[in-house]
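First the structure, in the form of structure tokens, and then the observations on it.
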Amino acid sequence: MLDIILAEILVAAIITFFVGRKLAAIIAMAVSILPLIALLDWASLYGFNIIHLGIEKSISIPIAGVSLNLAITPLGWFFALMIIPLFPAIMLFSYSFYKKNDGFYPFMLLALLSSIGIIMAKDMLTFFLFWEMMSWSSFLLVYRSRDKEAVMSYFIFSSLSAFLIFLGILIIYQQNASLLLSSINIESNAYGVVAIISLIAGFAIKSVLMPLHAWAPYVYSKSDEPFVAFLAGGLSKLGYYGMFLILFILAGAKVLETYFTNLSPNYILAVFGALSAFIATLIAFMQDDMRKLLAYSSIGQLGYIAIGFGIGTPLAVSGALFQAFNHAFFKAVLFLAAGAVAYRTGKWKISELGGVGYRMPFTFMATLFAIFTLAAIPITSGFAAKWLLYESAIDAKYIFVAPIMLIAGVGAFLYSFRILYGVFLGENRYPNIKEAPKSMVAAMFILVMPLLIFLIFPGYMLDMMHDALISGNIATLNHNAFVIETSLASYNTIAVIVALMIALIPAILIYKTRKHRVVDFMDNYLAGELPELYDNKISMHAASRFYKPIEEIIGPYFEPGTMSYYMAIYRGLKAISDAVRKIYTGKAGDYAIYVTLFLLIIMGWFIWM
Amino acid sequence: MDVSAIMIKSAVVIAYAFIGTFIGLLFLGVGRKIVARVHNRVGPPFYQGFIDVAKLLSKKTNISHGWIFDLALLFSISGILLAFAFLPVGGIKLLSTDGDAFLVLYLLAIPALGFALGAGASGNPNAGIGVMRALVMMLSYELPFVITMIALMIYYDTTSIARIVELQSVNGISSWAIFIPPFMLAAAVADMALQGMLMEQPFDIPVAPHEIASGPMVEFGGKYLGTLMLYKAISIVVETTLFVDFFLGGGVIMHGGIVANIANFIVWFVLIFIVFTLSLLINTAFPRFRIEQAFTFYWKYEAILATVALIWVYWMVI
Amino acid sequence: MHPVLLIAIPLLVAFIIPLFKKYGPSIALGALALNTGISIALFSVVYSTGTVHEIIAGFAPPIGIFLAVDSLSALLAMIINLFALINFMAIGKASEYKFSMLYLLAVAGSTGIVITGDIFNMFVFFEITAVASYALVASRKDKKSMEGAIKYMILGSLGSIFILIGIALIYSQLKSLNIYDIASRISTMDAKIKWASVAMLLTGIGVEAEIFPLNGWVPDAYQGASGGVASLLSFGPSKAAIYAIARIMLVIFPLQKVYYLVLTIGVITLLIGELAALKQENVKRMLAYSSIGQMGLITIAIAMGMNEKNAILAIFFLMVSHASSKASLFLLSDSSGMGSAATKYTGIVSVLGIVGMPPFAGFWGKWYLLMAAINGNMLWVIVLIFFSGIVEAAYFARYLHRYYGNEESFSRLTKYSMAVLATMSLIFGLLPLIYEMGLKTLFGMGGV
Amino acid sequence: MKAIELLGKGEEMNGRAYVKIDKSELEEAIKTLKENGYNHFVMLSCIDWLDDGEFELVYHLWSYEEREHVMLSVRVARDGESMPSMHELFPQIETYEREIHEMYGIKFEGNPRLTPFFLEGWRDMPPMRKDFDSRKFTKDVFGNISTIEEEEDEGI
Amino acid sequence: MRYEEWSGIARKASKRSLWMVHFCTGCGAIEMPPVMTSRYDMERFGIASMATPRQADVLLITGYLTVKTLKRVVQVYEQMQSPKYVIALGSCTMNGGMYWDSYNTIKRLDKYIPVDIYVAGCMPRPEGIMNAFLKLMKLIDEGKARGWERYKKYYERYKKNQEMAFNFVKKEEKEEEKNEGD
């Protein structure tokens, strides 16, 4: 059965090249549901027996003489739960998003195939092959944006990430002469450490950890939204899948600890995560382009996962995995919402948007719920994840990481309000746009569904990652469906929900007993001024350069931006290339001298050496 | 957790909610009286808070700007009551064993976000600017407050406020956190942060009546403004109790039966009144800061002091 | 069907064409098709039985001409003829009979180099291909192609002289021209003369194989040549020359010292090639520099082939991937961009193939090469390969961005033949053909 | 007085130079004064001489060096004679001219903004003119707006 | 919604907590500081000044009103939430004061918006203003401060008066001529 599923995805990828827009979307949607069914079937392995179709657990695909062998692992299954459900929703969304079928569906299906391959890879050859497949299929999706910075930065950074991972794989292969992931143990000598660090760096590029994130704002803000929803939601999780694999399943964290006796490098990973969360949040709320803002917010939220992996205690890692799960869904919803707004108004800049929420209530509701989860409002699952991370930071006494992490959490309110106010509320500058098409709204609400489930039962999430944690030999927290206990304190969602119900009674009482009259937009206090005198052209939009006061204070610190450092390196390379080109002077005489010189040198070398 | 225990617990929570609102409104009136006295004025009667809320709730017409605008009303009351339910009040652990300091910190954010949405939906530019200032204020005073909170947590090795209160009241007043050297500094920093939280004079930038026509509250009238007044009242109690729980042992001086509870309640009440008056006196002494000054004040001076306290505690603990 | 047919048919037909001037191209096409058929048959024979030895004109090896077709040469022969056929279709019937004559000569020459077992015979075929490619480069008759052809001729002839001297030195000592015979008796040669002959041979063939100091002619020749000729050069003569180096290195002089030298030369060529391409604006020159880089990569693979079995596999895959991608890119470079679906497909697929993305042969090439490198634990070689990989990614990304979507002027046949050339790398990347071929013993006697 | 020497005419009136000028020489006069230190344009005022049927426009300038005030007086006929606009010389003249246009009805050619200034929805003749009877106007307009008495039967 | 059904507490509460929005149209504004500060301290009676009409109950007009200002005052009055009261200070609001014959000041505020209390004086002293507030509180208590209901009941007439003032309409008949005219 599994081979049929994979074959179908490949065939669909090829068919959707030649088929019309609508049909391609339907095929893509149908095919992307298959792996979801497989996931549900494998759930019975890990304690959630939902359906029993007996889909094989492993498969090996012959290609060019060698065979790629895939098998489901607890960790793979958990990460698949984050990434695979995104695809049907994105296909449903793009059913009405695209005017003509110019190559979106085939490469998305290839990306789906390669993400399944990465998650189920049994040996490093398969892992690396599907990793490269993922990078070029996503590159071709970025390539559609026709923007120079996005295309070049994405291609260069993904090849850099691929080479770093390849270096790590090579060194590990040299140490224990086998590619099988199960039979690897990394010796804690200099080579082993270099391998682990290069692997983590390679994965960090794809999961936009701060110093290596330079490509993200360009790519997120230029390529089209449905793909970016997957890029931000799913692809960054593959980076963290790799990191978890190296750090915990292959016991990389232990190797690093034993090697660096005094300063544990995990702390550095946590510090990078914290900086990434903090700086990205500060930059995020200064952006005017909605997609750039969401890009930096995604970098910030992903920093939390790096903190969790950096601290490494069971509390921290389960918090990080929970945050990864939430981030996959709420970031996908936010980008899809941005896509829906752009689809209707054709604009991305917050200064040009405003009041879209009045005319697009469903998109606004989906964004509102996603933002609540992003900003970790207590009863949402976002809070449970962040709570675990904060607990672990305090438990591990990381006094530098904890405050920065908390401030980044509060900073999340700032840019989330900027999106809500700047785009959806405020002055209704688009009074006659219609709600996004049904398929788009349906896609957004499908992605919001999982967040709802874990809103009430965070305990289920801990059950789902139970086996994954054990495979990474990390202890699990004692919890039931509602209450999570840790050594420091406990968090009981039912208590919060019941208390909320009680607390809502007075509010509803006041709201219901006194009648109220809804007033139209122009009937607003404008210090007595009459809009009719200015024939209703008073601009009431206060959202462009919204945080100007602190922008002037914080702005200068982030002025150059990390991309300028990379550009400096690129210019350096170009200078060297100029020097190198000088060798080819263009005159045949010089070339003849080169040949004879070469002859003399190697003859001398042979005879005298 | 059998049903009867839940019933008792929710009854206690509801009772304390009423007590909290009552004390809050009392503080509003008394607060204005204290400020008036400082201005050498007679000042309104102490029950002025009750009258204002009654007048607002009995308004005939209430203007609203759509369902998002009404969200502000729902969020504000429920958020602050929820936060109050998760705080140990005078030694009585309402629900604080089920949640911890981070939960309360984020519960305090719900009303702020509710206002922001309501003000945003009203579409008034003054409201937008007001909300921007409120969020920037939140960002700025959260940093020192969070650092002092972490210092406390590291020192007592727990994040649940109930535990902190227990550990502080081990042997009565002498074991309060404020008497431990680093926490004196931390208490001072937290008090300035409290000034920002309560939106008292030097930091009432978001609701500045002269510059931006009372900021987010521009379009709120009638029952909406009434709810906001209730929120303001309860938030005074909640934020001062938070400060008291962290640094003044939650007002717990005796352990034991009903008598101890009453004594603790009175001590708690006196303590929050002292803290509130302190912030009022600072209120009368200062003109309103600009938002940049407030931001740099918190992120430069306060943050440094707080980090010094944190490192000092960390050095003591390891 | 005797392997010598592969050489005989194109030579014979090349000299018949002047008689039927009008039908020249179509006759050439027929000859090429025939040749491809034979080479595929030869490939399947070698695939099943292993190396094939044939003698011509009845004389025993030390005296008679002797053909040794082993796994790599069978593969190369097939590639050269198959790609030549598609390339000729891509160039289309417009070229007159003189062009098809030269084309056939070049194909015959490069196939000859690949399958011959006799040094002098290899030299003769070198001369044939060299002369044919000088004329082909000059076929466009404009200033740029003239200049390129002249430079190519000067360096090519210099190279041939050195090859001749090298062979003469060997013959003077061992009195035999058969490669395997020489290989078995090489140790009896006087050391100084031996090293001299190695240096001479290496330099001579190196000129044709675009190794670093000797490839001065490459940028101008490729820029001057028309798209079709450039792509012929990229898979024909240069592949044959690199094969010749492999044969000399691994069969005649399997010595450690030579191994280090060729490795360093390979790395330098790779770096110079890639870096030079980064700043290059003109497409053809950029692709030429990138070919130099790829040649460097193959030289590294050959240098490691001495004691790493993986490296041999890497040579196979790299040769195929470079041949197919570069050929299609050069054909594409004739016009200003990738307009229609077919050209877009070709451009993207060939770039992905060269950079070494999974389903294409280039990925396996890089994988086995680096596996071999790590076995010989040469970390610095790996790091440099990665560095050049990133530089390559940079300029190909810029290439893809700049040339996407502009209009282009290709006939339907050219577009589809380009696409087929590019897909070759995909086909060889998927089918296990090369892997099995790679496992067979290379170079018959005395090979690894 | 320096201004009188400069313009060659006019007499000194309780400490200020008072110069009568014809409409055509006005621009010339202001330019010469401006170059010689009178760079502060104080105001432009207008007097309605109803009986001799003329408006008198007075341009007041002040010089900081000599600390002297000069008044250039121009006579314009009441029946809608127009005046050249001087706003190129001093930008604020534009607003003064706009006000005088609204209040007296004198047209200033070249003034870009002769739109309604203080009075919104005013459809009567320019109110500052002497022949405008403000008292009668008030009685007509505000007089007949009836007060809204409480009808007795409603009762409180 | 009859006034009597209105419960006693609500009336007591609104009496003791009058929130005032202060439209300083003329020279009366200078009288307000002494009322607010320690000498007279209006906060004793729960009177506080608010920034927006939405939050206010009492509209305080402190001076003459030109037609242009009247437009803004009407807008602010309509934005206030009922029950709302108007206190007009100074003689200019009663009969135009010293501007009785000016062409663009309105003569009697009562014709355009319902005024509950007039305070005579060419700017009344703070005691006068305090008395006005106390009188207003007494009126509210007895349920006589019903200006906002009158506005609602005679809305069209108020609107017509306002229109006539805004467009400086001379006579009713002139209006008919105007209709046939254009």
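Protein chains in written order, with the numbering used here: chain V, 1 to 609; chain G, 610 to 927; chain W, 928 to 1375; chain B, 1376 to 1531; chain E, 1532 to 1713. For every residue, glycine included, the Cβ atom is placed at its ideal position computed from N, Cα and C. All of these numbers come straight from a predicted model, not from anything done at the bench.
- Any Cβ of chain E closer than 8 Å to the Cβ of V698 (chain G) would place that residue at the interface, and such an atom is absent.
- DSSP places I1239 (chain W) inside the alpha helix (DSSP H), whose first and last residues are K1236 to L1259.
- Annotated three-state conformation of A71 (chain V) is strand, per DSSP.
- Of all C-beta pairs linking the segment 410-429 of chain V to the segment 304-318 of chain V, fewer than three are shorter than 8 Å, placing the two stretches out of contact.
- According to the DSSP assignment, M152 (chain V) belongs to the alpha helix (DSSP H) that extends over K148 to N176.
- Within the same chain, Cβ atoms closer than 6 Å to the Cβ of S145 (chain V) are found at K222 and S223, the five residues on either side in sequence being excluded.
- With a cut-off of 8 Å on Cβ pairs, the segment 1462-1471 of chain B is not in contact with the segment 1574-1590 of chain E, counting fewer than three such pairs.
- S823 (chain G) and Y343 (chain V) have their C-alpha atoms some 37 Å from each other.
- Interface with chain G (8 Å Cβ-Cβ cutoff): L420 (chain V) is included.
- Under the DSSP assignment, S1420 (chain B) falls outside any alpha helix (DSSP H), being part of the beta strand (DSSP E) whose first and last residues are H1415 to W1424.
- Annotated as distal: I967 (chain W) and A955 (chain W), with beta-carbon spacing of 8 Å or more.
- Taking a Cβ-Cβ threshold of 9 Å, the residues of chain B close to I1637 (chain E) are F1517 and I1520, in chain order.
- Using a C-beta cut-off of 8 Å, the segment 892-909 of chain G makes no contact with the segment 930-948 of chain W, since fewer than three inter-stretch Cβ pairs fall below that distance.
- Taking a C-beta distance under 8 Å as the contact criterion, L665 (chain G) and K832 (chain G) qualify as a contact pair.
- In its chain, beyond the 5 residues on either side, P753, T757, E911, L914 and A915 have a beta carbon closer than 6 Å to the beta carbon of V798 (chain G).
- Straight-line measurement puts the Cα of N671 (chain G) at about 26 Å from the Cα of K1666 (chain E).
- Approximately 6 Å separates the beta-carbon atoms of A25 (chain V) and M91 (chain V); this is inside 8 Å, confirming the contact.
- Around the Cβ of V1394 (chain B), a 10 Å sphere holds 16 or more other Cβ atoms; the residue is buried.
- Contact check between the segment 1085-1105 of chain W and the segment 1115-1123 of chain W: three or more CB pairs, one atom from each, fall below 8 Å, which counts as touching.
- Contact between I1275 (chain W) and L1327 (chain W) is confirmed by a C-beta separation of about 7 Å, below the 8 Å threshold.
- The residues Y1616, V1617, I1618, L1667, L1670, A1676 and G1678, in chain order, have a CB closer than 7 Å to that of D1647 (chain E) in the same chain once the five nearest residues on each side in sequence are set aside.
- Beta-bridge partners assigned by DSSP to T1597 (chain E): E:T1636.
- Its chain contains S207, I305 and A324 as the residues whose beta carbon lies nearer than 6 Å to that of Y240 (chain V), once the 5 sequence neighbours on both sides are disregarded; these appear in chain order.
- For the segment 462-524 of chain V, the continuous beta strand (DSSP E) assignments of 3+ residues that do not extend past its boundaries occur at 483-485 and 490-492, in sequence order.
- By the C-beta density criterion, K1642 (chain E) is buried, having at least 16 other C-beta atoms within 10 angstroms.
- Neighbours of Q1606 (chain E) in chain V, taken as residues at a C-beta separation under 9 Å, are given in chain order as L526, G528, E529 and L530.
- Sequence-distant partners of G1131 (chain W) (beyond 5 residues in either direction) whose C-beta falls short of 7 Å from its own C-beta, in its chain, are G1086, S1087, F1089, I1090 and G1093.
- Within the segment 719-744 of chain G, not one residue has a Cβ closer than 7 Å to any Cβ of chain E.
- Where F1430 (chain B) is concerned, the enclosing beta strand (DSSP E) starts and stops at E1429 to S1438.
- Within the segment 651-670 of chain G, contact with chain V at the beta-carbon level (separation under 7 Å) is assigned to L666 and T670.
- Against chain E, the CB of L1494 (chain B) has a partner CB under 8 Å away; the residue lies at that interface.
- The beta carbon of M464 (chain V) lies closer than 8 Å to those of Y46, F48, F78 and L81 in the same chain, with the five residues before and after it left out.
- Interface criterion not met: the Cβ of P1501 (chain B) is under 8 Å from no Cβ in chain E.
- Taking 8 Å as the cut-off, the beta carbon of G300 (chain V) is found closer than this to the beta carbon of A277 (chain V).
- The DSSP-derived three-state label of F309 (chain V) is helix.
- Note on geometry: alpha-carbon atoms of Y358 (chain V) and E352 (chain V) lie some 16 Å from one another.
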